[in-house]
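Counting from 12, one number per residue, gives the positions in the sequence shown under our numbering.
All residues carry an ideal CB built from backbone N, CA and C; glycine is no exception.
Following: one structure in structure tokens, then a few remarks.
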Amino acid sequence: MSGRPLLSDVNVTELMLRVMPSCTDIFVACFWKGMEIDCCERFLVQRTEEGFCYSFNSRTAETRWNESLLRNNAAGATTGLEVFFKGQAGQAIDGLDILRGINVHIHHPDSYPDVAKGLFVPEAPSHVMMAQVSPSQTVSTEEVRAIDLSMRRCYFPGEGHIYGLPVDTYQQDSCFMACRMHFLAKACNCTPYFFPRTIGMRECAAVDLECLSMNNAATRSNKPPNGTPGFHPEESALDCECMPPCTATQYSVESNYIQTGNLESKRGKGYVDVFFKQMGGVRYRNDVMFGWMDLLVSFGGIAGLFLGFSLLSGAELLYWIFAGVAVCVKYAFKKI
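Shown next, in the form of structure tokens:
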């Protein structure tokens, strides 16, 4: 024996990829805008904090999708993505009544899935999990960009940076994920397998599980800004400067689990229908409602109200002053 800890040489990423279900073990059929597509061609392996999954239309998958993202301009059931799943009979455990199914996470294409915002789809033929998506967009004007970052508390393109994750666009969720990753790397000198691989960071092995477990609670909440009512700085060790983007698109999801007469649903044990709830979305605009010019105009109005003073009266006053000086000078020359 070399004296090395048991399982210290096990590559956790390779192990998890070996034991994860294959694409053909999960999917029965997939449809995009009513047309059948190849599930295994469109769904790519994705790292999440729940392990390896399969993702559709994501720029953060392990094998990055080189083509442009798929887009949809329709609304209503069966107009978006439909996925039919196989049952996971091999996961049954004798003597335990476990609700079997799959977890579905709907997220921005440029961000990593947030495991806290998933939908559970139980195995049940002739049933469908309807996920109705409503988009909303927040845009900020150039006047907002002129405000100091410490006051506007949001990032414009080119300002927010995420170190350690292979992302091209700043997203707040990805920033928090990178913050948790760097915290664990500093505390345990390694990063768990479910975080993207980063040069210079060692992947955690079985011998690091104790350290990860001890620091698990510290990664669940972020330290709020100083002075936030109801919070104490010592309550959280995770200190992330992850402000939201000033211009961003968000997706809210409403889910309904109902019976369906779709004949395709009988081919599998689970059926998910993801579509836009309605045509269009809501757009919010962040703008400066009261700037320096508005302040100057307000002071001018107050001065005019209480002092009877305006720019015109000021010019008139200057005119009479210069006119009086000119008359005095002319009179003085006449006396000489």
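message: Would ALA72 and SER79 be called neighbours here (beta carbons separated by less than 8 Å)?
response: As a position in the sequence shown, residue 72 is number 61, starting the count at 1. As a position in the sequence shown, residue 79 is number 68, starting the count at 1. Result no, Cβ atoms of ALA72 and SER79 do not sit closer than 8 Å.
task: Determine the closest residue to LYS288 out of GLY272, VAL264, ASP298 and GLY279, with distance taken between C-alpha atoms.
output: Start at 1 with the first residue of the sequence shown, and residue 288 comes out as number 277. Answer by Cα proximity: VAL264.
- request: Would you kindly report the start and end of the unbroken alpha helix (DSSP H) that includes VAL23?
  value: Walking along the sequence shown from the start, residue 23 turns up at place 12. That run of the alpha helix (DSSP H) goes 23-30.
C-alpha distance - GLU366 paired with ASN68, whole-angstrom precision: The structure shown does not extend to residue 366, since the chain is modelled only from 12 through 347, so no value can be given for it.
query: Can you list, in chain order, the residues of its chain whose CB lies under 6 Å from that of THR258, leaving out five sequence neighbours each side?
result: The residue given as residue 258 occupies position 247 in the sequence shown. Close CB contacts of THR258 within its chain, under the 6 Å cut and outside five residues either way in sequence, are with VAL150 and SER151 (chain order).
- prompt: Count the other CB atoms within 10 Å of the CB of LEU26; is the residue buried (16 or more) or exposed (fewer)?
  reply: Within the sequence shown, numbered from 1, the residue matching residue 26 stands at position 15. Around the beta-carbon of LEU26, fewer than 16 other beta-carbon atoms lie within 10 Å, marking it exposed.
message: So, with DSSP's three-state summary, where would you put GLN289?
response: Here residue 289 is taken as the residue at index 278 of the sequence shown, counted from 1. Three-state DSSP puts GLN289 in coil, outside helix and strand.
- prompt: Which residue spans inside the stretch 134-194 form an unbroken alpha helix (DSSP H) run of at least 4?
  reply: Correct list: 153-156 and 160-163.
- prompt: Run through DSSP, which three-state label would SER224 get?
  reply: Here the question's residue 224 lines up with position 213 in the sequence shown. DSSP, read as helix, strand or coil, puts SER224 in helix.
query: Which whole-angstrom value describes the C-beta separation of ASP121 and VAL178, a residue pair presumed to lie in contact below a C-beta threshold of 8 Å?
result: Along the sequence shown, one-based indexing puts residue 121 at 110. Along the sequence shown, one-based indexing puts residue 178 at 167. Contact holds; Cβ gap of about 6 Å.
field: Terminal residues of the beta strand (DSSP E) in which CYS41 lies
entry: Here residue 41 refers to the residue found at position 30 of the sequence shown. For CYS41, the enclosing beta strand (DSSP E) stretches over residues 38-43.
- prompt: So, do the stretch 109-117 and the stretch 218-229 have three or more beta carbon pairs nearer to each other than 8 Å?
  reply: Taking 8 Å as the limit for Cβ pairs, the verdict is that the stretch 218-229 does not touch the stretch 109-117.
query: Is it buried or exposed for SER6, if we count other Cβ within 10 angstroms and need 16 for buried?
result: Because residue 6 is not part of the residues shown, which for the chain are 12 to 347, the question remains open.
Whether ASP284 touches MET162 by CB criterion (8 Å): Counting from 1 along the sequence shown, the entry for residue 284 is found at position 273. Counting from 1 along the sequence shown, the entry for residue 162 is found at position 151. Result no, Cβ atoms of ASP284 and MET162 do not sit closer than 8 Å.
message: For the ligand ZN, is there any heavy atom lying closer than 7 Å to the beta carbon of HIS119?
response: No copy of the ligand ZN occurs in the structure displayed, which carries no ligand at all.
Own chain partners of PHE167 with C-beta closer than 6 Å, once the 5 adjacent residues on each side are dropped: For the purposes of this step, residue 167 is taken as residue 156 along the sequence shown, with counting starting at 1. Answer for PHE167: ARG156 and CYS257, listed in chain order.
First and last residue of the uninterrupted beta strand (DSSP E) at ARG213: Start at 1 with the first residue of the sequence shown, and residue 213 comes out as number 202. For ARG213, no beta strand (DSSP E) run applies, since DSSP gives it neither H nor E.
message: Going by beta-carbon coordinates alone, are PHE286 and GLY45 separated by less than 8 Å?
response: Walking along the sequence shown from the start, residue 286 turns up at place 275. Walking along the sequence shown from the start, residue 45 turns up at place 34. In this structure, PHE286 lies away from GLY45, with their beta-carbon atoms at least 8 Å apart.
- prompt: Which residues in the same chain as THR180 place their Cβ atom closer than 6 Å to its Cβ, once the five residues preceding and following it in sequence are excluded?
  reply: The residue you call residue 180 lines up with position 169 of the sequence shown. So the qualifying residues of the chain are ASP121.
message: Looking at the secondary structure, which residues open and close the beta strand (DSSP E) in which GLU47 lies?
response: Your numbering for residue 47 matches position 36 in the sequence shown. Taken as a continuous stretch (DSSP letters only), the beta strand (DSSP E) holding GLU47 covers 46-48.
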